[in-house]
Amino acid sequence: MKSIFNKANSFNQNISKWNLISIDLNKNNNENWENWESLRNWAASSPLNLNKKYWPKLFLTNNLLSRFVQSILNKLQEFDDLPIHHDDKKIGFTHKDFLQHIASKLKNNPLFINIENDLQLVDNEIANKHIREDPIKWNYNGMEIERKVKINYKEYASTVYIGNDHKIYTTNKIDLSNMSEIKKIDKIGYYYDQHLRVRIVKMPTHLTEVSEDLPTEIKSLNNAFKGHKTKTIKGIEKWKTSQIVNMWAVFKDAEIFDQDISEWNTSAVSNMEEMFSGAKKFNKNLNSWKVYNVTSMNSMFDSALEFDQPLNNWDTRNLKKTEKMFHKAKKSTKILAGETFKN
611 MKSIFNKANS FNQNISKWNL ISIDLNKNNN ENWENWESLR NWAASSPLNL
661 NKKYWPKLFL TNNLLSRFVQ SILNKLQEFD DLPIHHDDKK IGFTHKDFLQ
711 HIASKLKNNP LFINIENDLQ LVDNEIANKH IREDPIKWNY NGMEIERKVK
761 INYKEYASTV YIGNDHKIYT TNKIDLSNMS EIKKIDKIGY YYDQHLRVRI
811 VKMPTHLTEV SEDLPTEIKS LNNAFKGHKT KTIKGIEKWK TSQIVNMWAV
861 FKDAEIFDQD ISEWNTSAVS NMEEMFSGAK KFNKNLNSWK VYNVTSMNSM
911 FDSALEFDQP LNNWDTRNLK KTEKMFHKAK KSTKILAGET FKN
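Counting from 1, position 45 in the sequence shown corresponds to residue 655 in the numbering used here; the numbering is continuous, with no gaps.
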């Protein structure tokens with residue numbers, strides 16, 4: 611059939627009953643077929659059905675787009691229109707997450723029986739990349755879909771982690787403390803908490819390694835490592851924390867935790883209540899911390915049995931609450947015990 615319609619710029623006849631099962635399909639031999647309009651009922655076994663990447667553009671636009679792809683686009687629009695605090699807005703942090711979310715909404719539609727296989731990312735290298743302002747690009751049965759979706763990435767992000775089987779996974783859970791299958795946190799998740807603040811997810815208590823990159827969107831480390839069961843967590847010593855305002859109970863009851871975090875920037879922090887409460891083995895120097903914006907240190911070192919470090923360089927000009935700050939911190943002999951640090 612080589613060149614059979616060559617230069618047929620206005621060809622518009624119905625040849626839908628032709629059986630093309632034995633032809634050798636080559637787009638270059640039919641250079642004007644972007645203008646064909648009557649290709650709706652080609653034999654089901656023809657190469658056109660098996661090689662969707664060759665389907666004419668107008669055929670896609672006028673037929674499949676309206677019947678199939680439009681349903682996917684409608685789901686994207688539905689997501690776009692959801693209120694910012696809707697549960698589904700917590701989905702779609704990574705490109706892979708969002709694709710799976712759309713597929714889950716369509717899989718019961720008879721037009722999308724195989725949607726989870728047919729809908730794929732154009733670029734698998736960005737599968738676990740958090741969606742920002744770039745358009746989302748997917749491939750549906752050979753057709754590329756590109757769409758911008760409004761996701762408030764500043765308030766929600768899923769956690770990307772490496773499992774014990776060395777595979778990469780994502781989760782939208784906000785409490786990972788009992789997820790024993792996690793080997794390493796590759797990208798740190800966060801969410802909008804009840805105090806209208808972007809907060810880090812609670813980390814697995816067995817975790818020994820986490821990403822060195824703390825998302826700048828995070829403002830609260832509240833309970834991040836509460837009850838932690840390891841001595842150190844590789845990566846946290848490199849965290850840039852200048853945006854953090856809440857460090858309440860970060861290492862509470864992390865009984866054997868004892869890691870140098872002296873490089874943390876605490877200049878914006880206002881709350882350090884219970885930060886090391888029950889961290890029985892913690893005894894690292896924090897004298898370089900800038901704490902001039904902290905207003906409450908209630909129970910900060912309560913039951914931190916080994917803590918015995920000087921804090922004489924701390925500027926506590928705004929500190930108002932120190933109740934039980936060193937309660938049961940029996941070795942705190944080097945601490946500058948002025949009026950500010952009364953138990």
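By construction, the Cβ of each residue, glycine as well, lies at the ideal position given by its N, Cα and C atoms. Predicted, not measured: the structure shown is a model, and the values here were computed from it.
Problem - Whole beta strand (DSSP E) elements within the stretch 703-732, 3-residue minimum - result: 729-731
Exercise for the section: From the DSSP output, in three-state form, read off V808 for me. Expected result: strand
Exercise for the section: Name the residue from I798, S787, N788, S790 whose alpha carbon lies nearest to the alpha carbon of T780. Expected result: Selection I798, S787, N788, S790 evaluated against T780 yields I798 as nearest (Cα-Cα).
Handout entry: CA-to-CA distance, E726 to Y750, given in whole angstroms
Key = 10 Å
Practice task
State the CB to CB distance for the pair L929 and M910, rounded to an integer number of angstroms; the pair is presumed to be in contact (CB under 8 Å).
Solution key: Rounded, the Cβ-Cβ distance is 10 Å, inconsistent with contact.
Handout entry: Which listed residue (N832, D690, K890) has its alpha carbon closest to that of I810
Key = Considering only alpha carbons, the answer is N832.
Exercise for the section: Can you tell me which of the three DSSP states S681 falls into? Expected result: Reduced to three states, the DSSP call for S681 is helix.
Practice task
Give every residue of the same chain whose Cβ lies closer than 8 Å to the Cβ of E641, excluding the five residues on either side of it in the sequence, and list them in chain order.
Solution key: The predicted position of E641 is uncertain, since its pLDDT is 45 and thus under 50; a value taken from the coordinates is nonetheless stated next. Answer for E641: N616, listed in chain order.
Problem - Residue span of the beta strand (DSSP E) that contains T769, given as start and end - result: 769-773
Handout entry: Counted within 10 angstroms of its Cβ, other Cβ atoms place G888 as buried (16 or more) or exposed
Key = buried
Problem - Residue of D912, E791, L716, A767 minimising C-alpha distance to D707 - result: Just measuring C-alpha positions, the residue of D912, E791, L716, A767 sitting nearest D707 is A767.
Exercise for the section: For the stretch 837-857 and the stretch 869-876, state whether three or more C-beta atom pairs, one from each stretch, are separated by less than 8 Å. Expected result: yes
Exercise for the section: Determine the contact status of G837 and D863, defining contact as a CB-CB distance below 8 Å. Expected result: yes
Exercise for the section: List the endpoints of the continuous beta strand (DSSP E) containing E819. Expected result: Counting along the chain, E819 falls outside any beta strand (DSSP E), and DSSP gives it neither H nor E.
Exercise for the section: Measure the alpha-carbon distance for I784 versus N622 and round it to whole angstroms. Expected result: 58 Å
Exercise for the section: Give the DSSP bridge partners of Y802, in chain order. Expected result: V808
Problem - Selected residue, minimal CA-CA separation from N893, among S872, V904, N903 - result: The residue with the shortest Cα to Cα distance from N893 is S872.
Exercise for the section: Name the one or two DSSP bridge partners that S830 has. Expected result: R809, N856
Practice task
Look at the alpha carbon of H937 and the alpha carbon of K890, and state the distance between them as a whole number of angstroms.
Solution key: 12 Å
Handout entry: Beta-carbon spacing of W899, W858 below 8 Å
Key = no
Practice task
Quick one: residues in its chain with C-beta nearer than 8 Å to the C-beta of K839, no 5 flanking neighbours on either side, listed in chain order?
Solution key: T815, H816, A864, E865, I866
Handout entry: Option in N881, I772, V679, E735 with minimal Cα separation from S821
Key = I772
Practice task
Specify the secondary structure class of N749 as computed by DSSP and reduced to three states.
Solution key: strand
Exercise for the section: Report, in whole angstroms, the separation of the C-beta atoms of K841 and Q869, which I expect to be a contact under 8 Å. Expected result: 7 Å
Handout entry: Inter-residue spacing [alpha-carbon to alpha-carbon] between V679 and L731
Key = 15 Å
Handout entry: One or two residues paired with D796 in a DSSP bridge
Key = None, per the DSSP bridge assignment.
Problem - Y582 - containing beta strand (DSSP E), residue span - result: This structure leaves residue 582 out entirely; the chain is present only between 611 and 953.
Problem - Reduced DSSP category for E644 - H, G, I as helix; E, B as strand; rest coil - result: Low local confidence applies: a pLDDT of 42 at E644 is under 50, so the model's placement there is unreliable, with the coordinate-based value given in what follows. E644: helix per DSSP, three-state reduction.
Practice task
Identify whether D785 lies in helix, strand or coil by the three-state DSSP scheme.
Solution key: strand
Exercise for the section: Measure the Cβ-Cβ separation of L692 and I712 and say whether it is below 8 Å. Expected result: no
Practice task
State the Cα-Cα distance for the pair N922 and Y802, rounded to the nearest angstrom.
Solution key: 36 Å
Exercise for the section: Go ahead and label H805 buried or exposed: buried means 16 or more other beta carbons lie within 10 angstroms of its beta carbon, across all protein chains shown. Expected result: Classification of H805: exposed, given that the 10 Å Cβ count is below 16.
Problem - As assigned by DSSP and simplified to three states, the class of K839 - result: coil
Practice task
Can you give me the Cβ contacts of K940 inside the same chain, cut-off strictly under 7 Å, excluding the 5 residues immediately before and after it?
Solution key: L915
Problem - When E756, P825, E933, K844 are compared against H705, the one with the closest alpha-carbon - result: E756
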